[in-house]
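Residue numbers (our numbering): 258 to 598. From the three backbone atoms N, C-alpha and C, an ideal C-beta is built for every residue, glycine too.
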């Protein structure tokens, strides 16, 4: 294990929050650069997205720097200094306060928090990230808690990665479950958009998942994407930005020009193609960080490139020795950073 990484990884695995302090601002990751121009057709234009100073990469950065490992610290700073979405993935009884604290911290920093809601019933079809709310009533209550926590503050929300695509690829096949899921997504959009400061993008899979665009378009219409601010692509995946833009534009053309965002967190080297393994999406080697988060995309319908997935979080224990889904994996984070330009 890389020098200095073992201690932090072990502490985090035990559920401990590792906080490193210093009176010297040189130990702090670089601050993000705000978007340069305002586009009236883009609800995210001009926003500076929130960098959580306690995200795993930032903690790792400080530990490495304090240990004198400046080379690896500089690499981790490529992640630590970037805004990354906070995942709201379980109802632990403190969701309202969690969201309220997050948006308040972002406001204090003059930034906008990005959040991913990932708690729909039957989440991930029992795979590596399985779980979710126990039932429809629990999910609606969870959405209500998030809306209460936002309390009029601004925020960007990516709604339920994989939820629609899994209904289209046969993973969720019972008609009652499909109807429930679409109704819950519609409820989430309607509830969250009561706050005019919140921007909501509904997940629509990635460029190599649902190839029949008519089915994805129909599903997005069914859940009321026109009541949201658009859709999200490539969350936690590795498809190139070019492929994602092309796929998104085709969807948009059939959705009366709906805008979209793209997760570029790990797509710097594109998808892994050196295997026929059907789990090539899971912690593939040789991948790289993609374009840093920005709303200055230069593409009319693309509102932002965001880092929705935390670079360095495992996709799942897909192979021997790999961490469980969502666990911080220092070596993988460093690999992504070193591979990036």
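- Counting C-beta atoms within 10 angstroms of its own C-beta, residue 490 has 16 or more neighbours from the protein chains shown and is therefore classed as buried.
- Here DSSP, grouped into helix, strand and coil, assigns residue 480 to coil.
- Judged by DSSP secondary structure, residue 329 falls within the alpha helix (DSSP H) whose first and last residues are 327-337.
- Secondary structure note for residue 358: its alpha helix (DSSP H) is the uninterrupted segment 352-365.
- With fewer than 16 other CB atoms across the displayed protein chains lying within 10 angstroms of its CB, residue 436 is exposed.
- Shown here, residue 524 sits in a strand according to DSSP, grouped into three states.
- Bounds of the alpha helix (DSSP H) holding residue 503 are 498-510.
- Note that the segment 542-560 does not touch the segment 574-583; fewer than 3 beta-carbon pairs, one per stretch, sit closer than 8 Å.
- Exposed is the label assigned to residue 451, since fewer than 16 other Cβ atoms lie within 10 Å of its Cβ.
- Distance from the CA of residue 487 to the CA of residue 495, rounded to the nearest whole angstrom, comes to 21 Å.
- Within the same chain, 507, 508, 511 come within 7 Å of residue 470 by CB-CB distance, once the 5 residues on both sides are set aside.
- Ranking 475, 351, 560, 428 by CA distance to the CA of residue 401 puts 351 first.
- For residue 456, the enclosing beta strand (DSSP E) begins and ends at 455-460.
- For residue 565, the secondary structure class from DSSP, reduced to helix, strand or coil, is coil.
- Here DSSP, grouped into helix, strand and coil, assigns residue 381 to helix.
- A direct Cα-Cα distance of roughly 19 Å separates residue 354 from residue 416.
- In the pairwise beta carbon analysis, the segment 327-340 is classified as not touching the segment 377-395: fewer than three pairs are separated by under 8 Å.
- Residue state for residue 308 is assigned as coil, using DSSP reduced to three classes.
- In this structure residue 519 is buried. Its beta-carbon is surrounded by 16 or more other beta-carbon atoms within 10 angstroms.
- Between residue 462 and residue 526, the alpha-carbon positions lie close to 19 Å from each other.
- Assignment of residue 431 by DSSP, reduced to helix, strand and coil, places it in the coil class.
- For the pair residue 425 and residue 445, the Cα-to-Cα distance works out to about 20 Å.
- The beta carbons of residue 369 and residue 308 sit about 11 Å from each other, so the pair does not count as a contact at 8 Å.
- Per DSSP, the beta bridge partners of residue 388 are 380.
- Distance between residue 561 and residue 573, taken at the CA atoms: about 27 Å.
- Residue range 487-490 is occupied by the beta strand (DSSP E) that includes residue 489.
- Counting only the Cα atoms, residue 538 lies some 19 Å from residue 502.
- Annotated three-state conformation of residue 416 is strand, per DSSP.
- The distance from the Cβ of residue 406 to that of residue 454 is about 13 Å, inconsistent with a contact at the 8 Å cut-off.
- Residue 343 sits in a strand when the DSSP states are folded into three classes.
- Counting only residues of its own chain and dropping the five nearest sequence neighbours on each side, residue 418 has a CB closer than 8 Å to the CB of 373, 375, 460, 489, 492, 493, 565.
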